[in-house]
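Numbering (the working numbering) for the sequence shown: 117 to 543. Just so you know, even glycine gets a beta-carbon here, dropped at the ideal spot from N, CA and C.
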Amino acid sequence: MQKRTGPKPDLAGPLTGKNNPAPYSTDAKPVGNGDACAVVHPRLKSVSSELRTERDAQLLGEAVGLAHAINLQVVHAETIALTKPRPATLFGKGVVERLHNLFWDFDNLNDSPCEIAVVIVDATLTPVQQRNLETAWECKVIDRTGLILEIFGERARTREGRLQVELAALDYQRSRLVRSWTHLERQRGGAGFMGGPGETQIETDRRLIDKRITRLKKDLKDVKRTRLLHRKARQKVPYPVVALVGYTNAGKSTLFNRLTNAEVIAQDQLFATLDPTMRGLDMPSGQTVILSDTVGFISELPHELIRAFQATLEEVVEADVIVHVRDSAHVDTEAQKTDVLAVLKNLGLDDAAEDSLIEVLNKIDLMDSGNKEALANQASRSNIPSIMVSAVTGEGCDALVAAIDTRITERFQVFDVSLAPSDGASL
């Protein structure tokens, strides 16, 4: 196996190591800034099929999109079939060596040298696997959870969002203290045997992280309490809440802007929206509702993020109407629908809540007439209202507003009561 030349890269990870004196701080140098990276998507051979291969191609493309979301330059991407996961490195020895040589070749191209600084493994890695792959490939390795956390850390703008991301990151990083302090112990000249400064430092940092996690949970509990007060205040008015949910990059923010004339950031990238936004929306019946734009879902959403964003996600399942926005032009739209509904179910949305759902088949402006006709037939057979729209052109948005209005009136009874001036005390 050929070795890279030049200085050894810092493998400490985004939240620990020499770039960051406090292991629980989130001020470390972020991954990104145009660094060249490779993306690897592992697939078990036991589930191989033509359909699965197509799904893997979509997942690989999604992982590449996640890398682009933090400004990484993807110079290589591939799916690798696994007979079985290896406890030490996930991949077999031959694959690890082949990829090392491939990455080394990128570093030594004559015309345009391009050093691969980061390898993204589109799977969940154990701390041991991550450390061993970094040693073998001589560069930083990030798994799917770490990559999504990097994106969330970059996109969070509100205090609540930052608290949630930091909690998720610390929860994830806590199990990787062995990895990061192995790196620091080499700096200190430790031999790496039992005991020694590294072990003591791990215990110290674990206490620091646990202390910070406890504080974050307390702060988020306060945020949740404030959220509950706001929700109770809305219920007294009352303004029904309509939540937009969907797979990331399905067009929720574009639709939100179209319906409310707002200016929420709407970009063709994964997780463009992280912090929830609310605006008033007038219905044809005269009722005013609160429309909420929420964070997008994704397949295999990290458990750390689900736990940290519990307060935000609870707003979704407690909404009076849930509008599931789908990218109907995406080849993987059915799998994305399954992923979103699975997350909603995990959050507590049961089958009985189907009467609060509306399905929006977005991006019909990207479809030809034949596909639109097939989609219309599919929508007509749905057991919940399915509205074909284009958030970009506005086509179908009036029908969507009417469907929301119908759902609201079905769930609420409105009474007009006239009282004489002498009966004012009855109010």
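**Report entry** residue 189 in three-state terms, based on DSSP
**Finding:** strand
Query raised in the report: Cβ of residue 280 within 8 Å of Cβ of residue 336?
Result: yes
Query - residue 238 beta carbon less than 8 Å from that of residue 92 - result: There is no way to answer for residue 92, as the model of the chain reaches only from 117 to 543.
Query raised in the report: In the DSSP assignment, what residue or residues form a beta bridge with residue 197?
Result: 159
Query raised in the report: According to the Cβ coordinates, are residue 456 and residue 413 closer than 8 Å?
Result: yes
Requested in this report: May I ask you to report which of helix, strand or coil DSSP gives residue 532?
Outcome: coil
**Report entry** Rounded separation between residue 521 and residue 536 - CA only
**Finding:** 31 Å
Query - Rounded straight-line distance, which links the Cα of residue 475 to that of residue 183 - result: 29 Å
Query - Close-in-space but distant-in-sequence residues of the same chain around residue 482 (CB under 6 Å, 5 per side omitted) - result: 445
**Report entry** Cut-off 8 Å between Cβ atoms - residues of its own chain near residue 544, not counting five sequence neighbours on either side
**Finding:** The question about residue 544 has no answer here: the residues shown for the chain are numbered 117 through 543.
Requested in this report: Give the DSSP-derived three-state secondary structure of residue 513 in the structure shown.
Outcome: helix
Query raised in the report: Does the separation of the CB atoms of residue 498 and residue 479 fall below 8 Å?
Result: no
Requested in this report: Starting from the N-terminal side, write out each stretch of the alpha helix (DSSP H) that is 4 residues or longer and does not extend beyond the segment 252-295.
Outcome: 260-271 and 275-290
Query raised in the report: In whole angstroms, what separates the C-alpha of residue 240 from that of residue 261?
Result: 7 Å
Query raised in the report: Does the distance from the CB of residue 433 to the CB of residue 523 come in under 8 Å?
Result: no
Query raised in the report: Considering only the beta carbon of each residue, do residue 418 and residue 264 sit closer than 8 Å?
Result: yes
**Report entry** residue 459 - containing alpha helix (DSSP H), residue span
**Finding:** 449-462
**Report entry** residue 524, DSSP secondary structure in three states
**Finding:** helix
Query raised in the report: How should residue 210 be labelled, buried or exposed, when 16 other C-beta atoms within 10 angstroms of its C-beta is the threshold for buried?
Result: exposed
Query - Distance, residue 477 Cα to residue 443 Cα - result: 6 Å
Requested in this report: Give every residue of the same chain whose Cβ lies closer than 7 Å to the Cβ of residue 259, excluding the five residues on either side of it in the sequence, and list them in chain order.
Outcome: 237, 239, 240, 241 and 246
Query raised in the report: In terms of residues, what are the limits of the alpha helix (DSSP H) holding residue 370?
Result: 368-376
Query raised in the report: Which of the three DSSP states, helix, strand or coil, is assigned to residue 425?
Result: coil
Query - Buried or exposed by the 16-neighbour rule on C-beta atoms within 10 Å, applied to residue 370 - result: buried
Query raised in the report: From residue 360 to residue 252, what distance separates their C-alpha atoms?
Result: 44 Å
Query raised in the report: Would you call residue 300 buried or exposed, if buried means 16 or more other Cβ atoms sit within 10 Å of its Cβ?
Result: Interpretation of residue 300 is limited by its pLDDT of 41, a score under 50 that renders its predicted location unreliable; the figure taken from the coordinates is listed afterwards. So residue 300 ends up on the buried side.
Query raised in the report: Measuring CB to CB, does residue 363 end up less than 8 Å from residue 452?
Result: yes
Query raised in the report: In whole angstroms, what is the alpha-carbon distance linking residue 512 and residue 502?
Result: 11 Å
Query raised in the report: Across which residues does DSSP place residue 396 in a beta bridge pair?
Result: 406
Query raised in the report: Can residue 326 and residue 293 be called in contact, C-beta distance under 8 Å?
Result: no
Query - Nearest-angstrom Cα separation, counted from residue 317 out to residue 420 - result: 24 Å
Query raised in the report: Can you tell me whether DSSP reads residue 411 as helix, strand or coil?
Result: coil
Query - Reference residue 515, options 430, 532 and 399, closest by Cα - result: 399
**Report entry** Where residue 539 sits in the DSSP three-state scheme
**Finding:** helix
Query raised in the report: Does the beta-carbon distance from residue 410 to residue 355 come in below 8 Å?
Result: no
Requested in this report: Give the secondary structure of residue 339 by DSSP, where H, G and I count as helix, E and B as strand, and everything else as coil.
Outcome: helix
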